[in-house]
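What follows is a single structure, written as structure tokens, with notes after it.
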Amino acid sequence: MGRGRRPSSSEGALKGDRTVASNRRARHDFDIEETFEAGMVLTGPEVKSLRAGRASLSDAYARVEGAAVWIENMHIPPYEMADTRGYDAKRARKLLLHREEISRLIRKTAERGLSLVPIKVYFTRGLAKVELGLGRGKRQYEKRQAIAAREHRREIERALGSRERRP
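With numbering that gives the first Met the number 0 as the guide, the letters of the sequence shown map in order to residues 0 to 166.
Take a look at the structure:
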């Protein structure tokens, strides 16, 4: 492969295009209305650790402060080969969004009950990105209803699937 040339689709995807971490509880605990893609301001060892697939979004949340969006409690463990003096694995990291998106998020999060939840961290074209979901928290009975509806849908699909297999 030549210098500076991107591989074609027949040569496969870029090595860095993949999901690093996902927050599976986000869709269970929140009714996600809208999603946003944001870049992250990271240090070199943090990027290396993300490329190694080491990150956790379990307790992470995003907040709008002034004219900036920050992600809090996202755990990126230190990269083994880097200097770890003064390294904080759960530091607040600034997210990169367009000004219009930030002003829209300010208006939306001012509404009662809407929260910014990180859904997944991934690399696209070599850049670390985070997918944010703007959602309303579900109550316990809503979660039970969603589980019941999902189970009901699966039973119907199973019944239809077994009926189609018989000649």
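All residues carry an ideal CB built from backbone N, CA and C; glycine is no exception.
Legend entry - Distance between beta carbons of Glu32 and Leu131, contact taken as under 8 Å: Actually they do not touch by this definition, with Cβ atoms about 12 Å apart.
Inset, instruction - Return the first residue and the last residue of the alpha helix (DSSP H) that Thr108 is part of. - result: 98 to 109 is the span of the alpha helix (DSSP H), which, as asked, contains Thr108.
Legend entry - Residue range of the unbroken beta strand (DSSP E) whose run includes Ser114: If you look at Ser114, you'll find it in the beta strand (DSSP E) that goes 113 to 123.
Inset, instruction - Pick out whichever of Arg152, Val116, Ala145, Arg17 has its Cα sitting closest to the Cα of Val68. - result: That would be Val116, whose Cα lies nearest to the Cα of Val68.
Legend entry - Nearest candidate by alpha-carbon position, reference Asn22, set Leu96, Arg50, Lys107, Val129: Answer by Cα proximity: Val129.
Inset, instruction - Answer with buried or exposed for Leu159, where buried requires no fewer than 16 other C-beta atoms within 10 angstroms of its C-beta. - result: Exposure of Leu159 is indicated by the presence of fewer than 16 other C-beta atoms within 10 angstroms of its C-beta.
Legend entry - Contact check, Ala127 vs Leu49, beta carbons under 8 Å: The criterion of a C-beta distance shorter than 8 Å is satisfied by Ala127 and Leu49.
Inset, instruction - Return the first residue and the last residue of the alpha helix (DSSP H) that Ala25 is part of. - result: For Ala25, the enclosing alpha helix (DSSP H) starts and ends at 23 to 28.
Legend entry - Through-space distance from Phe35 to Ile75, alpha-carbon basis: Rounded to the nearest whole angstrom, the C-alpha separation of Ile75 and Phe35 is 21 Å.
Inset, instruction - Measure from the alpha carbon of Lys107 to the alpha carbon of each residue in Val63, Lys142, Gly43, Ala54, then state which is nearest. - result: Put simply, of Val63, Lys142, Gly43, Ala54 the residue whose alpha carbon is nearest the alpha carbon of Lys107 is Val63.
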